[in-house]
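Here the structure is laid out as structure tokens; the discussion comes afterwards.
Structure below.
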């Protein structure tokens, strides 16, 4: 056991990410309150993965400078995750709106299609690493959402009648396909996948389809998650995003969420891989 009452950190293999990106990937997550870098560096040296996705509490901001001196790996700073929390039952719940309803979404294909449209432009931590293809990263999100739907951990916001037909100009065919894949139940405007962990419910993926953004509807999706948390006796709802995603954080603040903590992400890449000739590169980001 470590000095902080938790097991010493270790890198755990990530088979799904390894298969998706064509190189061996492991994850090493340092728990809150863990202030010693030495065991973390030992765990990095012990791992034979090509890339170790290292996450540690943001208060240990000085660690990165020491990671630069690691002879066996190159650290790529991959942003930070900011966490927000809400005591269940204290959300600023929107009034019911005619034509809107939320319910479980259990269809894998529908959940996958929705995520493809919702997160197509989301700049996640994978974008920091030229070894990771952006399309493969999005495919991982789609797979994640599909599994959540199959396991009963996915909620959707539906719109019926005139509300459902009021689509924003410029919606793509993909938007339309995802939005109407509700088995006759109406147009799907948004989705949230969740994980229930003891006294808290965590929102893993959540968002609105592009055609439904800017209409004040996201709060109805948050209310559905809060209802689920209250129904199972949870005391807290937790959600996180990359620090640059300020728009959604403003929506969380309006609903009643408050900042909780932040976690830094660093990709520790085995030396030499980034300059290997012929190594597949992630497509360049679009301008604008």
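Numbering (the UniProt record's numbering), first residue to last: 1 to 288. Virtual Cβ for every residue (Gly too), placed ideally from N, Cα, C. It should be emphasised that the depicted structure is a prediction, and the values quoted were computed from it without experimental measurement.
It is roughly 24 Å from the alpha-carbon of residue 149 to the alpha-carbon of residue 125. The continuous stretches of beta strand (DSSP E) do not include residue 274, and DSSP gives it neither H nor E. Comparing C-alpha distances from residue 119 to each of 272, 102, 140 and 233 shows the shortest one belongs to 140. Shown here for residue 50: same chain residues with a beta carbon closer than 8 Å to its own, the five before and five after excluded, namely 23, 24, 25, 131, 269, 270 and 273 in chain order. A Cβ-Cβ separation of about 5 Å places residue 55 in contact with residue 265 under the 8 Å criterion. Listed in chain order, the non-local C-beta contacts of residue 159 below 6 Å within the same chain comprise 99, 100, 186, 187 and 189, local neighbours out to five positions each way being set aside.
Across the set 36, 16 and 40, the C-alpha of 40 shows the shortest separation from the C-alpha of residue 10.
Considered as a whole, the segment 40 to 92 harbours 63 to 67 as its complete alpha helix (DSSP H) runs of no fewer than 4 residues, in chain order. Note on geometry: alpha-carbon atoms of residue 35 and residue 212 lie some 43 Å from one another.
Taken in chain order, the whole alpha helix (DSSP H) runs of length 4 or more contained in the UniProt domain "N-acetyltransferase" (186 to 279) are 218 to 231 and 246 to 255. Taking a 10 Å sphere around the C-beta of residue 112, we find 16 or more other C-beta atoms and assign the residue as buried. Following the DSSP letters along the chain, one finds residue 25 inside the beta strand (DSSP E) bounded by residues 25 to 29.
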